[in-house]
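Number of protein chains: 2
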Amino acid sequence: MLAEVLTIGDELLTGNTTDSNSTFIAKGLTERGYWVRRKTTVGDDVDEISAVIREILNRKPEVLVISGGLGPTHDDVTMLAVAKALDRKLTLCEECLEKIKGFYEHLYGEGYIDDPELNEARKKMAYLPEGAEALDNSEGAAPGAYIEQEGVRIFVLPGMPREMKTMFERGVLPRLGRRKFIQRKLLAEVTDESKLAPILNETLKHFNVRIHSSPKGFGKYIGIILFGESKEEIERAKAFMEDKGIRFEEGW
Amino acid sequence: MLAEVLTIGDELLTGNTTDSNSTFIAKGLTERGYWVRRKTTVGDDVDEISAVIREILNRKPEVLVISGGLGPTHDDVTMLAVAKALDRKLTLCEECLEKIKGFYEHLYGEGYIDDPELNEARKKMAYLPEGAEALDNSEGAAPGAYIEQEGVRIFVLPGMPREMKTMFERGVLPRLGRRKFIQRKLLAEVTDESKLAPILNETLKHFNVRIHSSPKGFGKYIGIILFGESKEEIERAKAFMEDKGIRFEEGW
């Protein structure tokens, strides 16, 4: 089950913001058993965004999660780009418009803004690609969207981390099914990392797990992450490696 | 002047590590006047890495910076993938081998490792794509590489942040020329973000600057970054916007 993540925003390409959204999304997808094959980041440009969405659809992942560019400002063009990539029209979501109206009235009531009216910029957020299901934004104004096309389940989420995270948990995860991957993080005590490689390869042959390794410090430890569909399989793989002489410590 | 950044590592795709390397690289490129058009992250897989490098070369950026996967472990396959993508052989860099040898002898002398010998895993790091210029790694074992192909200047850097940063500053930036972009960050006080958009668009028409905007808080402020080749041009653009009624505060 392959997945891809697309994050959108000029601020990610100028080095002004670190893309922690895609970390959060990738972690959630991985824990549901999806293998994130690629992450891409592009700027707030309609043609660029729609081109990269077309490329991703051509790679046929099962899931594509897009984050960023749903707000009211002039450079928030993601829904337009999604519609373009999918060859759909943008259509008004009446229910979304009502919620956006309520959102700004609330902000006005709390004294955050001077004007509660739905100007064009605010209305823009209520337009979704035709046939999309709106994803509720409990933390902000802009709704997300869920769209199925060409066998790919596409989720479009806001870029503000608080809004994105809540929408991911409430609108994305429940649609991804119950299957879960387990991750187990271990520190392998090895003073020569080259001795580890053949043991890892042998483990991969015998057990239904995936293994990631990365050096922690100079050769003292190798950080290991074991991924599998059951705790038991992971424990068996761990025991197998211990039999081959690897000493593990927990966590990192 | 377009640039792309490619970061490599399974840990970035499972949500175990946030990709702050590409933030650092993108910031450095932006400040040298390069426009980072796209960032991509793929896992430690030879075919996947070489496929994405081919895609990037076909988009013809002037600069491609690759980071990650140069170490001695079994999943460090970046140089192999680069060689494959560029249709070059991997060849032994004798000078690199000497440095790697010295590096491990030093670690052994300091008591960090039990064995200073150059085993296969350590030797592997001395192989670079044919015709590549080695980039010195003052902080670790694996050298980087600088390669020109198809009009693209390709830099291959390690993934460990300390090693990557030093190599970027000493091996990449000096090769990118002296031209510099200036960034100026401002907070625009606006209680209605839709009033800002037409002023930004007018500014873009009159001045040789680029503008990024992103909401900071609910409509109270919009974060603005002005990019330009001279401080004077940025100041003129700022004054123009102030004439149109925008009030700025410094920084964010």
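Protein chains in written order, with this note's numbering: chain A, 7 to 258; chain B, 7 to 258. Ideal Cβ positions, reconstructed from N, Cα and C, are used throughout, including at glycine.
Does residue i get closer than 8 Å to chain B when you measure Cβ to Cβ?
i	result
residue 32/A	yes
residue 133/A	no
residue 26/A	yes
residue 179/A	no
residue 16/A	yes
residue 220/A	yes
residue 46/A	yes
residue 172/A	no
residue 209/A	no
residue 91/A	no
residue 118/A	yes
residue 42/A	yes
residue 127/A	yes
Give a single yes or no on whether residue i has its beta carbon closer than 7 Å to a heavy atom of the ligand FMN.
i	result
residue 56/B	This structure does not include the ligand FMN; it has no bound ligands of any sort.
As a quick exercise: from the options, pick the residue whose alpha carbon is nearest that of residue i.
i	options	result
residue 6/A	202/A, 166/A and 14/A	Beyond the ends of chain A as shown, which are 7 and 258, falls residue 6/A; an answer cannot be given.
residue 7/A	77/A, 159/A, 236/A and 241/A	159/A
residue 19/A	48/A, 35/A, 32/A and 38/A	48/A
residue 257/B	195/B, 15/B, 121/B and 201/B	195/B
residue 247/A	236/A, 227/A and 210/A	210/A
residue 29/A	37/B, 38/B and 16/B	16/B
residue 91/A	237/A, 234/A, 116/A and 136/A	136/A
residue 81/B	253/A, 254/A, 206/A and 252/A	206/A
residue 127/A	202/A, 34/A, 78/A and 237/A	78/A
residue 230/B	238/B, 243/B and 141/B	243/B
residue 177/B	191/B, 150/B and 184/B	150/B
residue 123/A	117/A, 115/A and 111/A	111/A
residue 50/A	249/B, 219/B, 235/B and 251/B	219/B
residue 53/B	26/B, 201/B and 93/B	93/B
residue 118/A	255/B, 226/B and 237/B	226/B
residue 140/A	65/A, 97/A and 201/A	97/A
residue 250/B	37/B, 202/B and 62/B	202/B
residue 252/B	208/B, 22/B and 236/B	208/B
residue 156/B	63/B, 31/B, 99/B and 115/B	63/B
residue 188/B	101/B, 228/B and 235/B	235/B
residue 95/A	138/A, 37/A and 116/A	138/A
residue 22/B	240/A, 116/A and 190/A	190/A
residue 173/A	154/A, 146/A, 113/A and 69/A	146/A
residue 192/A	70/A, 38/A and 217/A	217/A
Return the first residue and the last residue of the beta strand (DSSP E) that residue i is part of.
i	result
residue 96/A	96-98
residue 229/A	227-234
residue 248/A	From DSSP, residue 248/A is part of no beta strand (DSSP E) but of the alpha helix (DSSP H) over 237-249.
residue 45/B	41-48
residue 123/B	Taken as a continuous stretch (DSSP letters only), residue 123/B belongs to no beta strand (DSSP E), as it is neither H nor E.
residue 9/B	8-14
Answer yes or no: does any C-beta atom of chain A fall closer than 8 Å to that of residue i?
i	result
residue 206/B	yes
residue 231/B	yes
residue 59/B	no
residue 64/B	no
residue 175/B	no
residue 214/B	no
residue 108/B	no
residue 228/B	yes
residue 21/B	yes
residue 148/B	no
Would you decide whether residue i is buried or exposed? Buried here means 16 or more other CB atoms lie within 10 Å of its CB.
i	result
residue 10/B	buried
residue 108/A	exposed
residue 186/B	exposed
residue 212/B	exposed
residue 105/B	buried
residue 179/A	exposed
residue 214/B	exposed
residue 245/B	exposed
residue 232/B	buried
residue 169/B	buried
residue 182/B	buried
residue 67/B	buried
residue 120/A	exposed
residue 34/B	buried
residue 115/A	exposed
Along the chain, where does the alpha helix (DSSP H) that runs through residue i open and close?
i	result
residue 208/B	202-212
residue 171/A	167-173
residue 193/B	Where residue 193/B is concerned, there is no enclosing alpha helix (DSSP H), although the beta strand (DSSP E) it sits in stretches over 188-195.
residue 23/A	Segment: none, residue 23/A is in no alpha helix (DSSP H) and carries neither H nor E.
residue 65/B	52-65
residue 163/B	Not the alpha helix (DSSP H): residue 163/B falls in the beta strand (DSSP E), residues 158-163.
contact_flag[the stretch 37-44 of chain B, the stretch 130-137 of chain B] where n(CB pairs < 8 Å) is 3 or more: Counting Cβ pairs under 8 Å, fewer than three are found: no touch.
The stretch 162-180 of chain B touching the stretch 63-77 of chain B, judged by at least three CB pairs closer than 8 Å: yes
Between the stretch 81-89 of chain B and the stretch 56-63 of chain B, do three or more beta carbon pairs fall short of 8 Å? yes
Any C-beta of chain C within less than 7 Å: which residues of the stretch 73-87 of chain A qualify? Of the chains in the structure shown, none is chain C; the protein chains are A and B.
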